[in-house]
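Asker: In my numbering, the protein residues as written are 824 to 1617.
Ideal placement from N, C-alpha and C gives every residue a C-beta, glycine not left out.
I am attaching a structure below and will ask some questions about it afterwards.
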Amino acid sequence: MKTVQTGIDGQTPIIVGVGQIADRVDDPGYRALSPIDLAVEAARAAVADTGADADALIAAIDVVAATRQFEDSTPGAPAPLGKSSAFTLSVANRLGAKPRRAVLDIAGGQSPQHLVIEFSREIAGGRAEAVVVTGAEAISTIGHLAKSDDKPDFSDDPDDPDGIFEDRGFGLKGLVTLEQIGHGLINAPVQYGLLENARRSAQGKSRIEYAEAMGELFAPFTEIAAANNLAAARDVRTARELVTVTERNRVIAEPYTRFLVARDLVNLAAAVVLTSVATARRLGIAEDNWVYLHGQAELRERNLLERKALGEAPSAATAVRHALEVAEIGIDDIDFFDFYSCFPIAVSNITEALGLSPHDPRGLTLTGGLPYFGGPGNNYSMHAIAEAVERVRARPGSRAMVSANGGVLSKTSVGIYSTTPSPLREDASASLQREIDALDAPRHERRPNGWATIETFTVEHTRKGKNGVVIGRLTATGDRFLALVAPDDDELMDVLQSSDDPIGQPVYVTALGPGNRVTVSEAKAAELFPKRAPGLRDAYEFITVRRDGRILEITIDRPDVRNCLHPPAHEELDDAFDAYFADDDLWVAIITGAGDKAFCAGNDLIYSASGKPMYVPLNGFAGLTSRRMHKPVIAAVNGYAMGGGFEIAMACHLVVASDSATFALSEVRVGLIAGAGGLVRLPRTVPPKVANELILTGARIDAARAHELGVVNRIAPGGQVLEAARELAAEIIAGSPTSVRLSLELMAQTEAIADTVEAVRAPSDVVDELMTSADAIEGMTAFALKRAPNWKNH
824 MKTVQTGIDG QTPIIVGVGQ IADRVDDPGY RALSPIDLAV EAARAAVADT
874 GADADALIAA IDVVAATRQF EDSTPGAPAP LGKSSAFTLS VANRLGAKPR
924 RAVLDIAGGQ SPQHLVIEFS REIAGGRAEA VVVTGAEAIS TIGHLAKSDD
974 KPDFSDDPDD PDGIFEDRGF GLKGLVTLEQ IGHGLINAPV QYGLLENARR
1024 SAQGKSRIEY AEAMGELFAP FTEIAAANNL AAARDVRTAR ELVTVTERNR
1074 VIAEPYTRFL VARDLVNLAA AVVLTSVATA RRLGIAEDNW VYLHGQAELR
1124 ERNLLERKAL GEAPSAATAV RHALEVAEIG IDDIDFFDFY SCFPIAVSNI
1174 TEALGLSPHD PRGLTLTGGL PYFGGPGNNY SMHAIAEAVE RVRARPGSRA
1224 MVSANGGVLS KTSVGIYSTT PSPLREDASA SLQREIDALD APRHERRPNG
1274 WATIETFTVE HTRKGKNGVV IGRLTATGDR FLALVAPDDD ELMDVLQSSD
1324 DPIGQPVYVT ALGPGNRVTV SEAKAAELFP KRAPGLRDAY EFITVRRDGR
1374 ILEITIDRPD VRNCLHPPAH EELDDAFDAY FADDDLWVAI ITGAGDKAFC
1424 AGNDLIYSAS GKPMYVPLNG FAGLTSRRMH KPVIAAVNGY AMGGGFEIAM
1474 ACHLVVASDS ATFALSEVRV GLIAGAGGLV RLPRTVPPKV ANELILTGAR
1524 IDAARAHELG VVNRIAPGGQ VLEAARELAA EIIAGSPTSV RLSLELMAQT
1574 EAIADTVEAV RAPSDVVDEL MTSADAIEGM TAFALKRAPN WKNH
């Protein structure tokens, strides 16, 4: 019997249609649909589900919003069959819609629920009337056809003359850092494995006990998936089967076997149609189709290494509780649940906080969950919402909850749905978020050294071998750090895999250029990472070194790539400068570039694009930009000093430039920033407005302009820059090396003191050291005797 709702505000947002589609490779009707095709078919199914005239509804659509696809969710992700340059616009065009807005959301599994909340608010505020939210993944098809001789072309480059396409970007801030990338912490099973092991230890469970609990949690999910015609895996499995290691159920990253992790090899799409009540009435959509958003909340957890306890993400349970508060109900009033289930902890983190049993008769999933229904990239929860809508329609007055997760338990978006009429109520997510952001966080040490304890760990199993990952706490300070198990430390790998609980066990951590490495002991660290006594080598591959009395000349010797630097070259430079600063007989160093074209054109971007590991030594770019230098270094700039090359020059105490030299912080031209000191040193060297212009435009300046600005000390005619640098070095050597060293030290000590008098008065032992030095006595004695001093350098 048709119900008629009265007294509902016409601007109230409602879901009026949902649609889902699967295109399984093994099905007889497999069509090899592209992500665009899948999203359009799901949208058409959602339009049909409304019961309205399809053409009239599509004509009324003023917003099409979509989740991101796998190939557009991270920088550099492969797209072997091509991809749309404006996915949402491609979908709108094929759907036949003419929206005012075509939105592509940020990456993350929270995206479907977030978009429903966002555009419900847009409708309630009168800024939209009819919205299609859709998303799709064809990861299975792309993998299936990528090497085919007649592989299809999934690319599309739609015109956007009205500028309606809104690409919100990847949204990875705080989720992915260079430190995490450098330590391999970009793989979801590895990241979640760290959290899962921390949770197990905090609960005091053995590995076997916790594995059994994970199996008990997910076994009911397999039963739901088995009954779902859209599910990717429809085998009912016992708790024991899910966690028992077999050839088919191999370990992915401890404690996860393959059957416990999200299944991304799927071809799935889902869509939701939202309208206002007034628009639904105008289009003749039956009121039995209307589903209301009763409550909602969206919260973000602290970044991974900033969390107080790694085994929990309390913001997720807080979001669920707040959504219930907004809906003015309790957890017992929910009839259907769908908790995002990429890994067991994503579910247990919430359900255990709410007191829900894995065997709750209402179930914890509507679809079968990401490991069994399938984890279609960012779009899984669109399927959960579609299922929730169908459930509450089938039982009018019932309520369904969808909790969507993004990142590493990072973002939670919750919606509560029912056919019972309800206005869109305001939530207090923003104020709750401020409370979360204000919580204390442990200090994070990016370059740890010394004894520590394991806070959590995982071991990734790959075809190439095993990788151990540890988050630990320094014994001396309690600071948290991230590190990899050192290669060849089999003893520590055995501890991680076989001991009852490695968490809390002592380890030794060493900071290296490529990243932090943990070993079972300090002795093992010394064995694997022996510290070479500073000294010049007999030969180098990427630099040349010339010693001339008190002067050390270091030449970057990669003229074929304009003396750009890659990790092996950085390491050689770092080693050579270690030798210089350790050798009391060397008083001045000069760095230059081979040839007459370039001093250094910065990072070797071609090497970087090859996929090989990119890093700089702990002492920074060229072993200089992060180094505290107590002896003078002169840059002899003989051509281009671009990007990192300019940063090297600015890190030096003095700069001599060829009259043909060119300087630029050109990073913005290639999508980077001058992060090796350029953004710090240039504004401290030249007037701020000039620095702003050079940094923000990437503009080049010649040697004359650099000299005028104070970046360059001296200009030399072409081909004579090294000789000019040698002359400057000779002038320095004429003075006391002790005075030079201590002058640099006192300047460094007072650099951060803004007030001149305060800087002069600042306590320092530099003058005491100077006046008791042999050089001070020698200098005054030589002056009195009117002879040349014989400096002792002490």
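#1: Could you tell me the boundaries of the beta strand (DSSP E) in which A1459 lies?
#2: Could you tell me the alpha carbon to alpha carbon distance between S913 and A866, rounded to whole angstroms?
#3: In whole angstroms, what separates the C-alpha of E1364 from that of P1560?
#4: Determine the direct distance from the alpha carbon of S907 to that of S978, and round the result to whole angstroms.
#5: For I1152, report the span of its beta strand (DSSP E) as first-last.
#6: What is the residue span of the alpha helix (DSSP H) that G1468 lies within?
#7: Quick one: Cα of K1118 to Cα of A1011, how far?
#8: CB-CB under 7 Å to S1204, same chain, minus the five flanking residues each way: which ones, in chain order?
#9: How far does the beta strand (DSSP E) with L1375 in it reach, from first residue to last?
#10: In whole angstroms, what is the alpha-carbon distance linking V1487 and A1552?
#11: In the DSSP output, what is W1274 paired with across the bridge?
#12: Secondary structure at D846, three-state DSSP: helix, strand or coil?
#13: In chain order, what residues of the same chain lie with their CB nearer than 7 Å to the CB of R770, ignoring the 5 residues before and after it?
#14: Just to confirm, is the Cβ distance from N1201 to G1016 under 8 Å?
#15: Apart from the five residues on each side of it in sequence, which residues of its chain come closer than 8 Å, Cβ to Cβ, to N1051?
#16: Classify M824 as buried or exposed, calling it buried when 16 or more other Cβ atoms lie within 10 Å of its own Cβ.
#17: Do G1425 and G1462 count as a contact pair if the criterion is CB distance below 8 Å?
#18: DSSP three-state label for S1587, please.
#19: Going by beta carbon distance, what residues of the same chain come within less than 6 Å of V863, once the five residues before and after it are set aside?
#20: Would the stretch 1331 to 1348 and the stretch 1428 to 1441 be scored as touching if the rule is three or more Cβ pairs under 8 Å?
#21: Let's test the definition: count the other Cβ atoms within 10 Å of the Cβ of L1396 and tell me whether it reaches 16, buried, or not, exposed.
#22: Does the structure place the stretch 1474 to 1484 close enough to the stretch 1446 to 1460 that three or more beta carbon pairs sit under 8 Å?
#23: Where in the stretch 1520 to 1544 do unbroken runs of the beta strand (DSSP E), each at least 3 residues long, occur, reported from the N-terminal end onward?
#24: When you compare the stretch 919 to 928 with the stretch 1210 to 1225, are there three or more beta-carbon pairs, one atom per stretch, that lie closer than 8 Å?
#25: Rank V1100, A868, I1326 and D876 by C-alpha distance to the C-alpha of R1022 and give the top, closest one.
#26: Out of curiosity, what's the CA-to-CA distance linking K1354 and V939?
#27: Considering only residues of the same chain and omitting the five flanking positions on each side of Q1003, which have a CB-CB separation below 6 Å?
#28: What's the gap between the Cα of N1112 and the Cα of E1490?
#29: Need the endpoints of the alpha helix (DSSP H) that E1350 sits in, please.
#30: Looking at the strands, I want to know which residues DSSP matches up with Y1240.
#31: Taking only the alpha-carbon atoms, compute the straight-line gap between L1545 and I1524 and give it to the nearest angstrom.
#32: Rounded to whole angstroms, what's the CA-CA distance from E1394 to L1569? Just pull it up for me.
#33: Output yes or no for whether 8 Å exceeds the beta carbon distance between R944 and L1351.
#34: Using a Cβ-Cβ cutoff of less than 6 Å, which residues in the same chain neighbour T1243 once the five nearest sequence positions on both sides are dropped?
#35: Please report how far the alpha carbon of A868 lies from the alpha carbon of V1143, in whole angstroms.
#36: Is DSSP giving N1613 helix, strand or coil here?
Answerer: Quick answer:
#1: Segment V1456 to V1460, the beta strand (DSSP E) holding A1459.
#2: Here the alpha carbons of A866 and S913 stand approximately 13 Å from one another.
#3: Those two C-alpha atoms are separated by around 31 Å.
#4: Computed Cα separation, rounded: 5 Å.
#5: I1152 -> no beta strand (DSSP E), and no H or E assigned at all.
#6: Here the alpha helix (DSSP H) through G1468 covers G1467 to A1474.
#7: Reading off the sequence shown, one finds Gly at residue 1118, where the question assumed Lys. Taking the straight line joining both Cα atoms gives about 30 Å.
#8: Within the same chain, S1204 has close Cβ partners G932, P935, Q936, Y1163, V1225 and A1227.
#9: Its beta strand (DSSP E) spans residues I1374 to I1379.
#10: For the sequence presented, residue 1487 should be read as Ala rather than Val. Cα-Cα distance, rounded: 25 Å.
#11: Y1331.
#12: In this structure, D846 counts as coil in the three-state DSSP scheme.
#13: Beyond the ends of the chain as shown, which are 824 and 1617, falls residue 770; an answer cannot be given.
#14: No Cβ-Cβ contact shorter than 8 Å links N1201 with G1016.
#15: Taken in chain order, the residues that qualify are R1057, T1190, G1191 and F1196.
#16: With a pLDDT of 35 at M824, under the threshold of 50, the modelled position of that residue is not reliable, and no figure is offered here.
#17: Contact: no.
#18: It is coil, neither helix nor strand.
#19: Correct list, in chain order: V914, R917 and L918.
#20: Contact between the stretch 1331 to 1348 and the stretch 1428 to 1441 is established, with three or more Cβ pairs separated by less than 8 Å.
#21: With 16 or more Cβ atoms within 10 Å of its Cβ, L1396 is classed as buried.
#22: Taking 8 Å as the limit for Cβ pairs, the verdict is that the stretch 1474 to 1484 does touch the stretch 1446 to 1460.
#23: Fully enclosed beta strand (DSSP E) runs of no fewer than 3 residues occupy 1537 to 1539 of the stretch 1520 to 1544, in order along the chain.
#24: When C-beta atoms of the stretch 919 to 928 are compared with those of the stretch 1210 to 1225, fewer than three pairs fall below 8 Å, so the two segments do not count as touching.
#25: Of the candidates V1100, A868, I1326 and D876, the one whose C-alpha sits nearest the C-alpha of R1022 is I1326.
#26: Each residue's CA atom was taken as its position, placing K1354 and V939 some 57 Å apart.
#27: Within the same chain, Q1003 has no close Cβ partners at all.
#28: Cα to Cα, the separation comes out at about 54 Å.
#29: E1345 to L1351 is the span of the alpha helix (DSSP H), which, as asked, contains E1350.
#30: Under DSSP, Y1240 forms a beta bridge with L1116 and A1223.
#31: Between L1545 and I1524, the C-alpha separation is close to 20 Å.
#32: Roughly 29 Å between the two C-alpha positions.
#33: No, Cβ-Cβ distance for R944 and L1351 is not below 8 Å.
#34: Same-chain partners within the cutoff: G1220.
#35: In a straight line, the C-alpha of A868 is about 30 Å away from that of V1143.
#36: Taken through DSSP and simplified to helix, strand or coil, N1613 comes out as coil.
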